[in-house]
Amino acid sequence: MVIYNIIPKPNKYVYGDSEYEISSKSEVLCSKEFVEAGNYLTDYLKTKPEENEGFIKIKKVEGMPSEAYTLKITNDGVFINAGDYAGAFYGAVTLKTILMQAKKQNGKAVLNTLVIEDKPDNAYRGAMLDCSRHFFEADTVKSLLDNMAFLKLNKFHWHLSDDQGFRIESKQFPELNEIGSKRASRHLKGFGMENDNAEDYHFYTQEEIKDIVAYAKQRNIEIIPEIDLPGHTMAILAAKPELSCTGEKAEVLTVNGISKAILCAGNEAVFEFLDKLFDEICPLFPSAQFHIGGDEAFRGYKLWDDCPKCSALKQKEGISSNKELQIWFMNRVCALLKKHGKTPVAWDDCMGDSLDSSIACQFWRPNAVASVRKQSLKRDVIISSTSYFYFDLKYSVISLKKAYKFNKVKVGLNKPGQRILGLECELWTEWIDSKASLEFSAFPRMNAFAEVAWTELKNRSFTDFYKRLAWHKTYMKIKDVNYSRVESGFIFPKGIVYHLGEDGSEFKKSAEIKNAEK
Ligand code: ACM
Ligand code: ZN
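Numbered according to our numbering, the sequence shown spans residues 141 to 658.
This is the structure we're talking about:
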């Protein structure tokens, strides 16, 4: 009997002691809402040239929980039941994984009989990609979405605006692209190292965005865009300097790091601009969520202190601190988004009791955990702790095992009454400059993350995961995914140097390790 290497591990399964044969001509019969899920399978089956026999049924069953599926491999056929498209799709993903691993005999796949009853532990299982610090072509984004779908991740948080570039086509404000999407050079090799002097002028056209959103939807992935506000806005302010406190000319940042740029809170033109921008971009993203950033804005607070408009606003509204002014700002943005039926998400830095409770909190700073626990009683929380899920960090900082070991209970974010939506891993791209380095950072940590997000704690074991991962590594190799062969920072296959992007310091470190191996 073959035990299938499924990641994330299904929450409940029982193997039988019989077999069922599938050939490339085996029919996949679907309820009509599930045809796309069936196509995910037939794509694979079509690649196996054999005669027609056997069948696979994907059926809608009312009353099953969202995203849940059952997969029964019996002597009479293969049956996937689900209550919604998500569940049907995940049943198909699991079956595809099984078909690839099944014993092959006379051109047929011979499947073990098996019953799986599965559903995710977390409703929100996300990954973020920063496309401002480094732009990734649509095909690279789609490839990441493919890999996410195979791991049953369902949210793609798309960081589309930061100091280093604004990445959405705007027809309302073409200067956001002509100026805000352009920088004279990129700083990708490490702090203290020179820029590459290659002009970087990139944004996603609205057509590309619609295409990527539809591509994600087929894979049960919802795309949540982020426009980071009111800090991290140098690219917006390069295009629209009149929206800053000083009105001074600004340039899109060509170095990594975070600028002091901040939108003026006391200038109504800022909210008029955002309103028009949201009118234009909200329809591109069907998700009910919209990320409005809110992180690290304190770097610009001095500009608010020195600004007559911001000072006048504080006086008028009885606001005594910049933190409260930021909350006031986020609440204004929230009201604008509500008109579009959107619920905002913001990083944990800008949380406070006066922040609109419909704004979800994204937990990232480990030292914010106590306040996030409190916030979780009144607002939704997404967990993306820097210590576990910042996959742009080196493997010597977040090893594969460390990513796997995250436990909501241990951080006190699993108590009754707490509104925990789920988990998200982060791919910031200051030092990630190519598809290969993106994949190096993401995988196999994202495999570990997916299991932590989907599989209940009682069903998780790193040793068992690691055994199953071996097949997934082979699969990634075949798919040409440049997963990291480094898992803790110190294991290097002889003669091969892997590094995060073209980060000089990481490269030197790799060379050191290589030398140490000799
Ligand atoms: C963040 O890492 N600045 C959210
Ligand atoms: Zn101001």
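Don't be surprised by glycine CBs; every beta carbon is placed ideally from N, CA and C. No experiment lies behind these values; they were computed from the predicted model shown.
Three or more beta-carbon pairs under 8 Å between the segment 517-534 and the segment 499-509, yes or no? yes
Return the Cβ separation of D303 and A375 in integer angstroms, given the expectation that the two are a contact with Cβ distance under 8 Å. 6 Å
Determine the direct distance from the alpha carbon of K282 to that of S399, and round the result to whole angstroms. 30 Å
Close Cβ partners of Y355 (< 8 Å) along its chain, the five nearest in sequence each way excluded: K282 and L285
Between the alpha carbons of G266 and D435, how many angstroms are there, rounded? 19 Å
Roughly how many whole angstroms lie between the Cα atoms of E627 and D261? 25 Å
For a test of the three-state rule: what should DSSP assign to W487, helix, strand or coil? strand
Using the Cβ count rule (16 or more neighbours within 10 Å means buried), how would you classify I631? Low per-residue confidence applies at I631: pLDDT is 45, beneath 50, and the placement is therefore not dependable enough to give any value.
How long is the line joining the alpha carbons of A401 and S166, rounded to whole angstroms? 59 Å
Can you list, in chain order, the residues of its chain with a C-beta nearer than 8 Å to that of T234? Leave out the 5 residues immediately preceding and following it. I146, P150, Y209, L211, I256 and D258
Give a single yes or no on whether Y530 has its beta carbon closer than 8 Å to a heavy atom of the ligand ACM. yes
If you count every other CB in all the chains shown that lies within 10 Å of the CB of A588, and 16 or more means buried, which is it? buried
Let me check understanding here. Comparing Cα to Cα, which of A263, Y623 and L369 lies closest to F430? L369
Quick one: what does DSSP say T345 is sitting in, helix, strand or coil? coil
When the distance is taken between beta carbons, is K248 closer than 9 Å to S162? First, the amino acid is wrong: residue 162 is Ile here, not Ser. Against a cut-off of 9 Å, the Cβ pair of K248 and I162 comes out as a contact.
Can you determine whether any heavy atom of the ligand ZN sits closer than 8 Å to the C-beta of K449, and answer yes or no? yes
DSSP state of C501, grouped into three classes? strand
Taking the beta carbon of E339 as the centre, do at least 16 other beta carbons fall within 10 Å, making it buried, or is it exposed? exposed
Should the segment 340-349 be regarded as contacting the segment 319-329, the criterion being three or more beta carbon pairs within less than 8 Å? yes
Would you tell me roughly how many angstroms separate the C-alpha atoms of L181 and G227, rounded to the nearest one? 14 Å
Entirely enclosed beta strand (DSSP E) segments - the segment 546-613, minimum 3 residues: 560-567
Excluding the five sequence neighbours on either side, which residues of its own chain have a C-beta within less than 7 Å of the C-beta of G635, listed in chain order? Low local confidence applies: a pLDDT of 42 at G635 is under 50, so the model's placement there is unreliable, with the coordinate-based value given in what follows. Excluding residues within five positions, none has a Cβ falling inside 7 Å.
Measure the Cβ-Cβ separation of G90 and A232 and say whether it is below 9 Å. There is no way to answer for residue 90, as the model of the chain reaches only from 141 to 658.
For R273 and S164, I'd like the C-alpha separation in whole angstroms. 44 Å
Can we count D435 as close to the ligand ACM, meaning its CB is less than 8 Å from some heavy atom? yes
Tell me whether T386 is buried or exposed, calling it buried when 16 or more other Cβ atoms sit within 10 Å of its Cβ. exposed
Kindly provide the ranges of any beta strand (DSSP E) runs that are 3 or more residues long and lie completely inside the segment 254-308, ordered along the chain. 264-270 and 295-302
For the alpha helix (DSSP H) containing V626, list its first residue and its last residue. No alpha helix (DSSP H) holds V626; DSSP gives it neither H nor E.
Is any non-hydrogen atom of the ligand ZN found closer than 8 Å to the C-beta of N221, if you look at the structure I gave you? no
For S384, which residues of its own chain have a beta-carbon under 8 Å away from its beta-carbon, when the five flanking residues on both sides are left out? L377, A390, A401, I402, L403, C404 and L443
When the Cα of P670 is compared with those of Y230, G217 and K197, which residue comes out closest? Residue coverage of the chain in this structure runs from 141 to 658, which leaves residue 670 outside it and unanswerable.
Could you spell out the range, first to last residue, of the alpha helix (DSSP H) harbouring F418? E408 to I421
For the segment 178-242, which segments carrying the alpha helix (DSSP H) assignment without a break, of at least 4 residues, lie completely within its bounds, in sequence order? 225-241
By DSSP, does V509 sit in helix, in strand, or in coil? helix
Measuring from the CB of W298, is there a heavy atom of the ligand ACM at a distance below 8 Å? no
Of the residues H327, N221 and M141, the one placed nearest T569, counting alpha carbons only: H327
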